[in-house]
Amino acid sequence: MNHANRFYDGEVCSILERSERFGPISSAVAGGRGIPFRERYCFFKHQPVIKAELEFDFNGDEVGDSHIEETKLNGYYPTARLCEN
1 MNHANRFYDG
11 EVCSILERSE
21 RFGPISSAVA
31 GGRGIPFRER
41 YCFFKHQPVI
51 KAELEFDFNG
61 DEVGDSHIEE
71 TKLNGYYPTA
81 RLCEN
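At position 27 of the sequence shown (counting the first as 1) the number is 27 in our numbering, and the numbers step up by one without a gap.
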C-alpha cells in the first residue's frame with residue numbers, strides 16, 4: 001500500500017485522505033506488513049460538520065485480545081469544548 005496523504009478542495013467541502021498500515025510490522029499479522037487502513041475526512045464549507053470515514057482491511061487478521069482492553073483497536077478523536085462562564 002502506498003503511504004500517502006492527499007488533499008482535495010471543492011465547492012462543497014475540502015477532503016483529506018490518508019492511507020497507512022498499522023500493527024506490529026515484525027509479527028505474522030498481514031504477512032508481517034501490518035493491516036492496511038484508509039482515512040477520509042470531509043470538512044464542509046457551509047455547514048459545521050466534519051465527516052470521518054475509516055476503512056480497515058483485516059483480511060482475516062486480528063488486532064488485540066478480546067479479554068484485554070488495552071490491546072483493542074480504539075478510535076479516539078478529541079474535540080474542543082466551548083464553555084460559557
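Virtual Cβ for every residue (Gly too), placed ideally from N, Cα, C.
Kindly indicate the opening and closing residues of the beta strand (DSSP E) around E39.
Here residue 39 refers to the residue found at position 39 when the sequence shown is read from its first residue. Unbroken beta strand (DSSP E) run through E39: I35 to F44.
Which value, in whole angstroms, describes the spacing of the CA atoms of E11 and I50?
In the sequence shown, counting from the first residue as 1, residue 11 sits at position 11. In the sequence shown, counting from the first residue as 1, residue 50 sits at position 50. The alpha-carbon atoms of E11 and I50 are separated by roughly 15 Å.
Is N5 helix, strand or coil when you go by DSSP?
If you number the sequence shown from 1, residue 5 lands on position 5. Correct three-state label for N5: strand.
Taking the C-alpha atoms as reference points, what is the distance between I35 and N59?
Taking the first residue of the sequence shown as 1, we reach residue 35 at position 35. Taking the first residue of the sequence shown as 1, we reach residue 59 at position 59. In a straight line, the C-alpha of I35 is about 8 Å away from that of N59.
In this structure, how does DSSP classify H58 when only helix, strand and coil are distinguished?
The residue labelled residue 58 in the question sits at position 58 within the sequence shown. In the sequence as displayed, the identity of residue 58 is Phe instead of His. Coil at F58, not helix or strand.
Tell me whether the beta-carbon of E20 lies closer than 9 Å to the beta-carbon of R40.
As a position in the sequence shown, residue 20 is number 20, starting the count at 1. As a position in the sequence shown, residue 40 is number 40, starting the count at 1. Not a contact, by the Cβ cut-off of 9 Å.
Going by DSSP in three states, E11 sits in which element: helix, strand or coil?
As a working note, residue 11 is residue 11 in the sequence shown. Looking at E11 - three-state DSSP - the assignment turns out to be coil, as it is neither helix nor strand.
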